[in-house]
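S.K.:
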Amino acid sequence: MTLNFWHLPTALRRALLMCSDTVAVLIAVWASFAIRLGEWWPDLLQDVIWLFPLAVVILIPTFAAIGLYRPILRYADESLLHTIVLGASAGLLLMMAVWVFMRQGIVPRSSWLIAWLVLIALVGGGRLLLRRYLRRRFRLGAPHTPVIIYGAGEAGVQLVQALRYGGDLEPVVFVDDNPQLWRSIVLGLKVRAPFKLPRLIARHQAGLLLLALPSVSHRRRQQVLNSLMSLPIKVLALPTLAELTSGARRIDEFREIDVEDILGRDAVQPNLVLLQNRVKGKTVMVTGAGGSIGAELCRQILLLHPRQLVLFERSEYALYVIEQELRGMLANMALTPNASPFEGEKDIALIPLLGSVVHRRRLQVVMERFEVETVYHAAAYKHVPIVERNPIEGVRNNVFGTWHAAEAAIATGVETFVLVSSDKAVRPTNVMGATKRLAEMILQGLAGENPATRFCMVRFGNVLDSSGSVAPLFREQIRRGGPVTVTHPEVERYFMTIPEAAQLVIQASALAQDGDLFLLDMGEPVRILELARRMIQLSGFTVRDEAYPEGDIEIHFTGLRSGEKLREELLIGAGDLPTEHPMIRRAREGHPPWPVIREGLTRLDTVAHDFDYLAVSALLHELVAEYQP
56 MTLNFWHLPT ALRRALLMCS DTVAVLIAVW ASFAIRLGEW WPDLLQDVIW LFPLAVVILI
116 PTFAAIGLYR PILRYADESL LHTIVLGASA GLLLMMAVWV FMRQGIVPRS SWLIAWLVLI
176 ALVGGGRLLL RRYLRRRFRL GAPHTPVIIY GAGEAGVQLV QALRYGGDLE PVVFVDDNPQ
236 LWRSIVLGLK VRAPFKLPRL IARHQAGLLL LALPSVSHRR RQQVLNSLMS LPIKVLALPT
296 LAELTSGARR IDEFREIDVE DILGRDAVQP NLVLLQNRVK GKTVMVTGAG GSIGAELCRQ
356 ILLLHPRQLV LFERSEYALY VIEQELRGML ANMALTPNAS PFEGEKDIAL IPLLGSVVHR
416 RRLQVVMERF EVETVYHAAA YKHVPIVERN PIEGVRNNVF GTWHAAEAAI ATGVETFVLV
476 SSDKAVRPTN VMGATKRLAE MILQGLAGEN PATRFCMVRF GNVLDSSGSV APLFREQIRR
536 GGPVTVTHPE VERYFMTIPE AAQLVIQASA LAQDGDLFLL DMGEPVRILE LARRMIQLSG
596 FTVRDEAYPE GDIEIHFTGL RSGEKLREEL LIGAGDLPTE HPMIRRAREG HPPWPVIREG
656 LTRLDTVAHD FDYLAVSALL HELVAEYQP
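Everything in the sequence shown is counted per the numbering used here, starting at 56 for the first residue and increasing by one.
Right, dumping it as structure tokens:
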């Protein structure tokens, strides 16, 4: 019957609501006298019987005029009650004016207040009850997943309201850390303490917990997630506060628990002076612009208002993707006042170019034509096993690509050249690490010979969710039901978020002098086995091992790959020096003179051209003294 009623024409539904409101108005007028005088039908009503039709004639049109019959009741919010209060107040004031003008009968002053309260209770309360009933009816028959909301703050409240509009998720209880909220009721849901979660999951048969903590610190988020790992429930998170405030995602667009949630740390506010120093108002070129780090560098640079941003990328598809994203950012910046912390030009030229860093002439033509002032060299092969199997291509791209880009920068008068390096360049045990260390040595050598161009290198560890990171691999393996593969139970890695790494690279470039090698503070190393366990548990599964053979997903140890270390390092030498940024250190590492490096590169070019794998390996070992394959 309810469903048939809401399939009626809109005009007929509104007419039925008006009829129910007419009954409410008549009851309110009667109750104002009955309650005031303590009689079911006071004699005084006989003298003011005309108030009944007058109330209907005034109040129903007033309700219609202020829009009470326009909202779709099932989707109405608290503004509906405001409309009812406004309509009741305006209508009764009009009635009072008519009564004063006519002076027929006696109306106690308190009767007007009673009529106002009863009318709001009947019209407002009736609609709230009907809305609740309709929402339940519309959700009947659909499979519902009982959901626990962790966080009874503003985000949690908005989330529950969004879920109640539809969908297959049914909020059943709030959980919150604040003891003052325990045992209270928010939106009809009880608020309970986190230590009661095992009992709540069993009682409500909840299959999902939504983490409604978009603005808490990373440290607090980690503490909460650690407390949830042993529970038999899948955990999803709301978008971050930045995503919500920017409009990039809605509050009901949940996301998987990210490795950043598990390992991330509270970001240090960037130094705005350092950020804009080599970028604002300049022509900036990013090689490898379609890669994980290169793309994030482009995003961060765009917000700093360069004059031109040159995207240099060998993959047509990757170039297309990052260009479209950046053009979308430009459109938003043009529409949004103060979209960036810097005042300045809105007209930023975006120049997408296909090309490979192994072609020196192409690099030089691009830098010369667009008068490039700052280069961020992020183009590199970085996947250790692949480069290990393709050493000559790794040498061509990582070593000679860096040399060609640096020589082109010198020839065209580029002011600053920044190499995005890797912690695998420290005492390398694989070809990829050796090529990155040799690339660093090239810039160190060129810096002493060409003071007009400032060369620097920025060395850091793994970035979360990059194309070569373990996190996406683990996530896909968990989605398939396992097993999750880890090379060794003791392997450890440093991790940093992509945005944080990109911001620090840009800031480090402002500190560059001659051949500086910068290290980024990566925090504490993380055991990959522990990361795998956490990701499995927070996905709602259990780890299958000897202690718990009934678990859902097994972890397999595949053995260290060729050239893989148990632990990575960031420093070759004995020490480092602080800079004006707390998370950027300046390393003190020696290098051979440039003539020695150049002669070695000439020989390396010859054997690489002849595809002499053994000679390439031997020369890498000779040129990079720390290389121990």
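For each residue, glycine too, the CB sits at the ideal point set by N, CA and C. Quick caveat, the model's predicted, so the values are computed rather than measured.
Using a Cβ-Cβ cut-off of 7 Å (strictly less than) and excluding sequence neighbours within five positions of D232, which residues of its own chain qualify?
M.R.: Counting from one through the sequence shown, the residue named residue 232 turns up at place 177. Taken in chain order, the residues that qualify are P249.
S.K.: In terms of alpha-carbon separation, which member of G645, S564 and L106 lies closest to A82?
M.R.: The residue you call residue 82 lines up with position 27 of the sequence shown. The question names Ala, but residue 82 is Ile in the sequence shown. When each option's Cα is compared against that of I82, the closest is L106.
S.K.: In angstroms, rounded to a whole number, what distance separates the CA positions of K245 and V518?
M.R.: One-based indexing of the sequence shown puts residue 245 at position 190. One-based indexing of the sequence shown puts residue 518 at position 463. Answer to the nearest angstrom: the Cα atoms are 40 Å apart.
S.K.: Applying the criterion that 16 or more other CB atoms from any shown protein chain within 10 Å of the CB defines a buried residue, is Q562 buried or exposed?
M.R.: As a working note, residue 562 is residue 507 in the sequence shown. It counts as buried.
S.K.: Could you spell out the range, first to last residue, of the alpha helix (DSSP H) harbouring L43?
M.R.: Since the first and last residues shown for the chain are 56 and 684, residue 43 lies out of range.
S.K.: Starting from Y668, trace the alpha helix (DSSP H) both ways and give me its first and last residue.
M.R.: As a position in the sequence shown, residue 668 is number 613, starting the count at 1. Its alpha helix (DSSP H) spans residues Y668 to L678.
S.K.: Which two residues bound the contiguous alpha helix (DSSP H) that contains P554?
M.R.: As a working mapping, residue 554 is identified with position 499 in the sequence shown. Segment I553 to A565, the alpha helix (DSSP H) holding P554.
S.K.: Report the three-state DSSP secondary structure of P116 (helix, strand or coil).
M.R.: Counting from one through the sequence shown, the residue named residue 116 turns up at place 61. In the structure shown, P116 sits in a helix (DSSP, three-state: H, G or I).
S.K.: Count the other CB atoms within 10 Å of the CB of C21; is the residue buried (16 or more) or exposed (fewer)?
M.R.: Residue 21 is absent from the model: the chain starts at 56 and stops at 684.
S.K.: Can you tell me which residues form a DSSP beta bridge with I204?
M.R.: On the sequence shown, residue 204 is found 149 positions in, with the first residue counted as 1. Answer by DSSP bridge pairing, in chain order: F229 and L265.
S.K.: Exposed or buried, V80, counting other C-beta atoms within 10 Å across all chains shown (16 or more means buried)?
M.R.: As a position in the sequence shown, residue 80 is number 25, starting the count at 1. Flag for V80 reads buried.
S.K.: Measure the alpha-carbon distance for P637 versus E555 and round it to whole angstroms.
M.R.: Residue 637 sits at position 582 when you count from the first residue of the sequence shown. Residue 555 sits at position 500 when you count from the first residue of the sequence shown. The straight-line gap from Cα to Cα measures roughly 13 Å.
S.K.: Exposed or buried, what is I240 when buried is set at 16 or more other beta-carbons lying within 10 Å of its beta-carbon?
M.R.: The sequence position of residue 240 within the sequence shown is 185, counting from 1. Its Cβ having fewer than 16 others within 10 Å, I240 is exposed.
S.K.: Whole angstroms is fine: what's the gap from S524's alpha carbon to V427's?
M.R.: In the sequence shown, the residue the question calls residue 524 occupies position 469. In the sequence shown, the residue the question calls residue 427 occupies position 372. Going by the C-alpha atoms only, they are around 31 Å apart.
S.K.: Kindly list the residues whose CB is nearer than 7 Å to the CB of A207, restricted to its own chain and excluding five residues on each side of it in sequence; keep chain order.
M.R.: Sequence index remark: in the sequence shown, residue 207 carries index 152 (1-based). Same-chain partners within the cutoff: F229, D231, L236, V241 and V246.
S.K.: Straight-line CA distance for I312 to A435?
M.R.: The count along the sequence shown starts at 1 and reaches residue 312 at position 257. The count along the sequence shown starts at 1 and reaches residue 435 at position 380. Going by the C-alpha atoms only, they are around 29 Å apart.
S.K.: Should L67 go down as buried or exposed, given a rule of 16 or more other Cβ atoms within 10 Å for buried?
M.R.: As a first step, residue 67 must be located in the sequence shown, where it is residue number 12. Flag for L67 reads exposed.
S.K.: Would you check if the distance between the CB atom of A494 and the CB atom of V454 is smaller than 7 Å?
M.R.: Residue mapping note: residue 494 aligns to position 439 of the sequence shown, counting from 1. Residue mapping note: residue 454 aligns to position 399 of the sequence shown, counting from 1. Cβ distance < 7 Å, so A494 and V454 count as in contact.
S.K.: In its own chain, which residues sit with a C-beta less than 7 Å from the C-beta of K620, not counting the 5 before and 5 after it?
M.R.: As a working note, residue 620 is residue 565 in the sequence shown. If we look at K620 and ignore the five residues flanking it on each side, its Cβ neighbours are T484.
S.K.: Mapping the DSSP letters down to three states, classify I465 as helix, strand or coil.
M.R.: Within the sequence shown, numbered from 1, the residue matching residue 465 stands at position 410. In this structure, I465 counts as helix in the three-state DSSP scheme.
S.K.: Less than 8 Å between the CB atoms is what I'm expecting for L408 and V365, so what's the real figure, rounded?
M.R.: Working through the sequence shown from its first residue, we reach residue 408 at position 353. Working through the sequence shown from its first residue, we reach residue 365 at position 310. So it is a contact: roughly 6 Å between Cβ atoms.
S.K.: Closer than 6 Å by C-beta to R333: which residues in its own chain qualify, once you throw out the five before and the five after it? Chain order, please.
M.R.: The sequence position of residue 333 within the sequence shown is 278, counting from 1. Around R333: T429, T471, S564 and A565.
S.K.: Could you check where the beta strand (DSSP E) with T490 kicks off and where it finishes?
M.R.: Numbered from its first residue, the sequence shown carries residue 490 at position 435. Taken as a continuous stretch (DSSP letters only), T490 belongs to no beta strand (DSSP E), being part of the alpha helix (DSSP H) at V486 to E504.
S.K.: Specify the secondary structure class of R643 as computed by DSSP and reduced to three states.
M.R.: Walking along the sequence shown from the start, residue 643 turns up at place 588. It is coil, neither helix nor strand.
S.K.: Do A267 and L184 come within 7 Å of each other at the CB atom, strictly closer than that value?
M.R.: Within the sequence shown, residue 184 is the residue found at index 129, counting from 1. Within the sequence shown, residue 267 is the residue found at index 212, counting from 1. For L184 and A267, no; Cβs fall outside 7 Å.
S.K.: Across which residues does DSSP place Y431 in a beta bridge pair?
M.R.: Translated into the one-based positions of the sequence shown, residue 431 becomes position 376. Note: Y431 sits in a beta bridge opposite V341 and V473.
S.K.: Determine the direct distance from the alpha carbon of G614 to that of P287, and round the result to whole angstroms.
M.R.: Position 232 of the sequence shown holds residue 287. Position 559 of the sequence shown holds residue 614. Between P287 and G614, the C-alpha separation is close to 30 Å.
S.K.: When you compare only the Cα positions, how much space is there between G500 and G536?
M.R.: Indexing the sequence shown from 1 puts residue 500 at position 445. Indexing the sequence shown from 1 puts residue 536 at position 481. Distance between the alpha carbons of G500 and G536: 50 Å.
S.K.: Measure the alpha-carbon distance for G410 versus L474 and round it to whole angstroms.
M.R.: Reading the sequence shown from its first residue, position 355 is the one you call residue 410. Reading the sequence shown from its first residue, position 419 is the one you call residue 474. Cα to Cα, the separation comes out at about 18 Å.
S.K.: L218 and T200 - do their beta-carbons sit closer together than 7 Å?
M.R.: Position 145 of the sequence shown, counted from the start, is the residue given in the question as residue 200. Position 163 of the sequence shown, counted from the start, is the residue given in the question as residue 218. Cβ distance not < 7 Å, so T200 and L218 don't count as in contact.
S.K.: If you count every other CB in all the chains shown that lies within 10 Å of the CB of F156, and 16 or more means buried, which is it?
M.R.: The count along the sequence shown starts at 1 and reaches residue 156 at position 101. Counting Cβ neighbours within 10 Å, F156 comes out exposed, since fewer than 16 surround it.
S.K.: Taking only three categories from DSSP, how would you classify K437?
M.R.: Within the sequence shown, residue 437 is the residue found at index 382, counting from 1. Three-state DSSP puts K437 in coil, outside helix and strand.
S.K.: May I have the straight-line CA-CA distance separating V546 from L498, to the nearest angstrom?
M.R.: Position 491 of the sequence shown, counting from 1, holds the residue named residue 546. Position 443 of the sequence shown, counting from 1, holds the residue named residue 498. Each residue's alpha carbon lies about 31 Å from the other.
S.K.: Taking its Cβ as the centre, do 16 or more other Cβ atoms sit within 10 Å of F612, making it buried, or is it exposed?
M.R.: The sequence position of residue 612 within the sequence shown is 557, counting from 1. Exposed, because fewer than 16 other Cβ atoms sit within 10 Å of the Cβ of F612.
S.K.: Ordered along the chain, which non-local residues of its own chain (more than five positions away) have a Cβ less than 8 Å from that of V413?
M.R.: Translated into positions along the sequence shown, residue 413 becomes position 358. Result list for V413: R451, N452, F455, G456 and H459, in chain order.
S.K.: Any contact of the segment 137-145 with the segment 112-119, i.e. 3+ C-beta pairs under 8 Å?
M.R.: Yes, they touch.
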